[in-house]
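Numbering (the UniProt record's numbering), first residue to last: 1 to 348. Cβ atoms here follow ideal geometry from the backbone N, Cα and C, with glycine treated the same way.
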């Protein structure tokens, strides 16, 4: 499974890279421009036998996360079926040069997944989010938006510590928080602000990564879809409008052997069982011995699945992202999994 996922990831990355325009699509933001975006990601799984939605299952995309890469900090991958995460944020262009942008990033709101809202740490999460909503991050971003760094971290961490004392937040020990410089050094060392936004405002990272999706203008097709492992078909269409307007539609269909994300019991009705070897993450069974021949039900739940990834991107004439939609549909033997993500610009 891991080998197949890696192969699919490399394949998608190669196709996107090979589809780059000779003249890269670069943002051309202007000083003083302000935009507001909202982001939503949700997952679902529907069982074929009774068309019932099943919540609480682990569902991962073989196309990886938002733009095709894995990260241990990515909360998007940890959201179970029947759950979602949402956020709203604003960006203001403070300075624009031929090489970089200085932007102000402000968090407007976060909708936490149900699992986090129900957890014992929910109050701490909400208090931290409310605190961060009062901060204004000053970012330096590369012209292609591929890299960014927070410029005013020292100022932000001091503001966080001051507000934490006022609100007696338990995450910093309330009023008795000790030496500020030690706290600031620790937060600087782990890049606390960057981690927070990466985990709880995934829409911002998706916004920046959309600008790495580049394809040749016109229609492209690669591959031939067959019902066999590793088979794929890639289709893309790029159309340009007035000014720098651009519409990009990409579709990737693949066949891959995946494990069913079902929570049913793998082994049941067993009088006694001896298993020579078990490897966690997936199960390798060398021999199974039971008292009665008909007392064992075993299913490794791996099967050939058709997977579809549809991406729809719209850029406006001023090169701002207007809409990004990413839908992954996985047709398992026993059900259908869906991962839907959207970043949409809102009217100011």
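Inspect the beta-carbon positions of residue 85 and residue 113 and report whether they are closer than 8 Å. yes
Out of curiosity, what's the CA-to-CA distance linking residue 81 and residue 111? 16 Å
In DSSP terms, what residue 210 is bridged to: Answer is none; residue 210 lacks a bridge partner.
Provide the residue(s) that pair with residue 47 in DSSP beta bridges, ordered along the chain. 52, 335
Quick check on DSSP: helix, strand or coil for residue 116? helix
Do residue 319 and residue 29 have their C-beta atoms closer together than 8 Å? yes
Can you find at least 3 beta carbon pairs, one from the region 145–163 and one from the region 116–124, that sit closer than 8 Å? no
Once you ignore the five residues that flank residue 196 on each side, which residues in its own chain have a CB closer than 8 Å to its CB? 128, 132
For residue 203, tell me which candidate among 255, 249, 106, 217 has the shortest Cα-Cα distance. 106
May I have the straight-line CA-CA distance separating residue 337 from residue 104, to the nearest angstrom? 37 Å
Is it a yes or a no for the region 323–341 touching the region 253–262, going by three-plus beta-carbon pairs under 8 Å? yes
Quick one: what does DSSP say residue 33 is sitting in, helix, strand or coil? coil
Can you give me the start and stop residues for the alpha helix (DSSP H) that residue 102 sits inside? Residue 102 -> not in any alpha helix (DSSP H); beta strand (DSSP E) instead, spanning 100–111.
Supposed contact pair residue 253 and residue 233 - C-beta distance, whole angstroms, cut 8 Å: 5 Å
Other residues of its chain near residue 157: CB distance less than 6 Å, five sequence neighbours each side excluded: 184, 187
In the DSSP assignment, find the unbroken beta strand (DSSP E) run with residue 239 in it and report its ends. 232–240
Check this for me: beta carbons of residue 222 and residue 255, under 8 Å apart or not? no
Proximity to residue 153 [Cα-Cα], best of 166, 138, 165, 163: 138
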